[in-house]
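Protein chains in written order, with our numbering: chain A, 78 to 477; chain B, 78 to 477.
Protein chains: 2
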Amino acid sequence: MDREKILTELSIDTPSKIILLVMDGLGGLPVEGKTALEAAHSPYLDRMAAESSCGISDPVFPGITPGSGPAHLSLFGYDPTEYLLGRGILEALGVGVDVSANDMVARGNFATLKDNLIVDRRAGRIPTSENEKLCERINHFLQSREHTEIELFPGKEHRFVVKFSSEGLSDVLSDADPQKENNPIVYTKPLSPEARNTALMVNSFLDDVTEFLKNSEPANTILLRGFSKHPSLPSMQDLYKLKPAALANYPMYKGLAKLVGMEIIEVGPEIIDLFDRIEEIYAHYNFFYVHVKKTDSAGEDGNYEAKIAAIEETDAHIPRLLELNPEVLVVTSDHSTPCPLKSHSWHPNPFMLRSPTAMPDRITHFTERECRQGYLGRFQALWAMPLMLAHAGKLKKFGA
Amino acid sequence: MDREKILTELSIDTPSKIILLVMDGLGGLPVEGKTALEAAHSPYLDRMAAESSCGISDPVFPGITPGSGPAHLSLFGYDPTEYLLGRGILEALGVGVDVSANDMVARGNFATLKDNLIVDRRAGRIPTSENEKLCERINHFLQSREHTEIELFPGKEHRFVVKFSSEGLSDVLSDADPQKENNPIVYTKPLSPEARNTALMVNSFLDDVTEFLKNSEPANTILLRGFSKHPSLPSMQDLYKLKPAALANYPMYKGLAKLVGMEIIEVGPEIIDLFDRIEEIYAHYNFFYVHVKKTDSAGEDGNYEAKIAAIEETDAHIPRLLELNPEVLVVTSDHSTPCPLKSHSWHPNPFMLRSPTAMPDRITHFTERECRQGYLGRFQALWAMPLMLAHAGKLKKFGA
Chain A
78 MDREKILTEL SIDTPSKIIL LVMDGLGGLP VEGKTALEAA HSPYLDRMAA ESSCGISDPV
138 FPGITPGSGP AHLSLFGYDP TEYLLGRGIL EALGVGVDVS ANDMVARGNF ATLKDNLIVD
198 RRAGRIPTSE NEKLCERINH FLQSREHTEI ELFPGKEHRF VVKFSSEGLS DVLSDADPQK
258 ENNPIVYTKP LSPEARNTAL MVNSFLDDVT EFLKNSEPAN TILLRGFSKH PSLPSMQDLY
318 KLKPAALANY PMYKGLAKLV GMEIIEVGPE IIDLFDRIEE IYAHYNFFYV HVKKTDSAGE
378 DGNYEAKIAA IEETDAHIPR LLELNPEVLV VTSDHSTPCP LKSHSWHPNP FMLRSPTAMP
438 DRITHFTERE CRQGYLGRFQ ALWAMPLMLA HAGKLKKFGA
Chain B
78 MDREKILTEL SIDTPSKIIL LVMDGLGGLP VEGKTALEAA HSPYLDRMAA ESSCGISDPV
138 FPGITPGSGP AHLSLFGYDP TEYLLGRGIL EALGVGVDVS ANDMVARGNF ATLKDNLIVD
198 RRAGRIPTSE NEKLCERINH FLQSREHTEI ELFPGKEHRF VVKFSSEGLS DVLSDADPQK
258 ENNPIVYTKP LSPEARNTAL MVNSFLDDVT EFLKNSEPAN TILLRGFSKH PSLPSMQDLY
318 KLKPAALANY PMYKGLAKLV GMEIIEVGPE IIDLFDRIEE IYAHYNFFYV HVKKTDSAGE
378 DGNYEAKIAA IEETDAHIPR LLELNPEVLV VTSDHSTPCP LKSHSWHPNP FMLRSPTAMP
438 DRITHFTERE CRQGYLGRFQ ALWAMPLMLA HAGKLKKFGA
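Written out as structure tokens, the structure reads:
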């Protein structure tokens, strides 16, 4: 019997509450001897560590740098090596497209066609404002042709997402993209018989848009790749009998939370907004995913001071979560984003779990290197969910 | 190649000896700052820790609270997520029923039938003495009808175990239990064609007993559930070429040891009896499973002082095991039973392994939190068996 099936059989619905505070990209590497977390003045996180079991967790497995998708799935208890999310679906979630069970999405580029050859795969990197206008014009055109099942969503520069909504679509399609410049338009090909009708529809859409854009040089055609249907993950309700809510401001994280069945709570853009909002809705759910983005953004920018500031800003609100007194409070990151690397990395996440049934260890500073000495040791982030469920009294005994 | 197959291919028969001392439910949580193990005065366990590699082990995986069955299978090197033991078989082992390869067992309740409805699924929780008399009467009745293939074994109050012994039985049967009161008798149904004859036999037994009990109100019928055949596990002899003996006083643990092919050594009920007995039989086996029950019973009762006393009582006998000078001596628990929880829990087990080939660490107190800092770190209990075999020189090199 596998991990997921065991958890589903053992989990029970109880009113006990779990708060999972994800400080995105929190883990780091030293800058002049100290990581941002080591350098930050974070007395409330440190005090919480003294009452918690601490550890470090690998998002996927040692050495693997995860995108936001796999890193979050793992924290939510979904094996990221089993539940693979297509690039199209992640791009769609990132720009805030609402994707449902019958939908298929793809990543698009505006491109330049000249003498029947794609001469620029990015249409000279047109400004985002131009992209937004083009998408609006194309959507109007599609509506006028009663193609209400297709919609474009602008991204940055030349990038957009297209959503096809219809029953019976199949994403077993090759990319409609020549990959290299100075090649003719490439149409999508069905990679399986059941994708034939979908390929016909996509290619006719491609022709229609190219015809419509013929006087819009440099953006006079489009390329499409990464066709992905809604991944239809089992919900956290079905797997763990939870009533989960997501407090996140960025589209990507709201999208990921929605994929696993969480209710999306609208929150403002500031860190304080998360803590104001959880207090308001606390009575109505029993699992809360709270997402702080600033730690990751600062890491991506290599801005060590900004990362320290984001940690300190979050720290100041920790007492408000303790005040709610959930049965389980976890603080961790989804992946590390060390300032020296300016990108996601494979380094494990600092992790702490506070609960009346947690074994307190002797860790009094919530940092990467201190957590390593904690009671939980080093573990796969996938085990965070069973640990949270167990400490919240939501798992029955296995066998007799 | 999977773990089990690798171990079987690499294991060799040698005279070297392994003692696995299981202090049932030993792991705990702090009471006023200290776990029972931390509070106990246990100088011999501590001295042994100083000569051992220490660690903590998860019985199944993080967050999972195991029953005694899965927890012990794991220690014996059997993956508890692969070898699932039915409720019926565990109940049978618990009351000391001898289950062989052709046998099928089920859990039974005496119940009350009135106007063709089950009005009490527990027959008013009749006293155990009444239950024992009823089982004896029914067994006589079955013998008189030459139904020697069926036998009842009384449990506590209204509960019993029934054993069916015959070739070709199948346990793919639904429960013969309405689950809710004020419903008619429910017969078992075969859930697979090959279970048809078994279902006919079970249902005819059910009718016969109900007829026989018709004047025995409140216990005038029976319910049966959890039909389980003998799980037919590969033996420790076949898997690891060991000659294993079990020193345990409680039926459940003797039953589990028998399932994996151990020879059962009769021992008295006291802790000292285990140590007297192992000295007597030491020459005749090369693997010894020694089971101390009192630590778990005290944990289940939430009796912190009794748990400390059980640890100290066991500690006093540790020098006798050292005197035997086995190549490998392991002291651990099967699962934790923290006094504050009064039940099994998911917390990892303290673990130490003493052997001339063990890396000594700097741990000088055998406690949950000290072991965490040991050389073995945190690991799945399933790895205890390959570690014991390796340190006993019973595993060849893997590959060249």
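A virtual CB, placed ideally from N, CA and C, is assigned to each residue, including glycine.
Any idea if residue i is buried or exposed, counting beta-carbon neighbours within 10 angstroms, 16 or more meaning buried?
i        : result
B:PHE187 : buried
B:MET436 : exposed
B:THR158 : buried
B:ASN274 : exposed
B:ASN426 : buried
B:ASN230 : Before going on, a small fix: residue 230 of chain B reads as Phe here, not Asn. Answer is buried; the Cβ neighbour count reaches 16.
A:PHE428 : buried
A:ALA360 : exposed
B:ILE141 : buried
B:SER27  : The question about residue 27 of chain B has no answer here: the residues shown for chain B are numbered 78 through 477.
B:HIS217 : exposed
B:GLY110 : exposed
A:PHE456 : buried
B:ALA116 : buried
B:GLY476 : exposed
A:ASP101 : buried
A:GLY345 : exposed
A:MET329 : buried
Starting from the C-beta of residue i, find all residues in its chain whose C-beta is less than 6 Å away, skip the five residues before and the five after it, and write them out in chain order.
i        : result
A:ALA169 : VAL176, VAL182, VAL238
B:LEU97  : TYR366, VAL407
B:THR225 : none
A:LYS306 : MET181, ASP248
A:MET278 : none
A:LEU103 : THR372, SER410
A:GLY376 : GLY102, LYS384, THR414, CYS416
Can you list, in chain order, the residues of its chain whose CB lies under 7 Å from that of residue i, leaving out five sequence neighbours each side?
i        : result
A:PHE282 : ILE227
B:ILE395 : TYR121, LEU122, MET125
B:ILE341 : ALA323, LYS331, ALA334, LYS335
A:HIS118 : GLU389
B:VAL286 : ILE215, ILE299
B:VAL108 : TYR381, CYS416, PRO417
Using DSSP's beta-bridge definition, name the partner residues of residue i.
i        : result
B:PHE485 : Summary: the structure shown does not reach residue 485 of chain B, with chain B confined to residues 78 through 477, and so no result is reported for it.
A:PRO427 : A:ILE133
B:PRO321 : B:PHE364
B:PHE237 : B:GLY185, B:PRO231
A:LEU406 : A:ILE96, A:ARG431
B:ALA253 : B:LEU301
A:VAL369 : A:MET100
B:ASP197 : B:THR189
A:ILE342 : A:LEU324
A:PHE475 : B:PRO143
B:SER281 : For B:SER281, which the question treats as bridged, DSSP gives no partner whatsoever.
A:SER422 : A:SER413
What did DSSP end up calling residue i once you bin it into helix, strand or coil?
i        : result
A:ILE262 : coil
A:ILE95  : strand
B:LEU453 : coil
B:VAL176 : coil
B:PRO139 : coil
A:VAL337 : coil
A:PRO107 : coil
B:SER269 : coil
A:SER145 : helix
A:SER243 : coil
A:SER309 : coil
A:SER88  : strand
B:SER119 : coil
Could you name the residues of the same chain whose beta carbon sits closer than 8 Å to that of residue i, not counting the 5 residues immediately before and after it, in chain order?
i       : result
A:THR91 : ASN363, ALA469, GLY470, LYS471
Query - At least 3 beta-carbon pairs within less than 8 Å: the segment 319–336 of chain B vs the segment 357–365 of chain B - result: yes
Query raised in the report: Taking one C-beta from the segment 150–170 of chain A and one from the segment 454–466 of chain A each time, how about it: are there three or more such pairs within less than 8 Å?
Result: yes
Query raised in the report: Any contact of the segment 79–92 of chain A with the segment 352–359 of chain A, i.e. 3+ C-beta pairs under 8 Å?
Result: no
Requested in this report: May I ask you to verify whether the segment 449–459 of chain B touches the segment 125–132 of chain B, counting CB pairs closer than 8 Å and requiring at least 3?
Outcome: yes
Query raised in the report: Between the segment 306–316 of chain A and the segment 139–148 of chain A, do at least 3 Cβ pairs fall closer than 8 Å?
Result: no
Query raised in the report: Does the segment 278–298 of chain A come close enough to the segment 193–212 of chain A that 3 or more CB-CB pairs lie under 8 Å?
Result: yes
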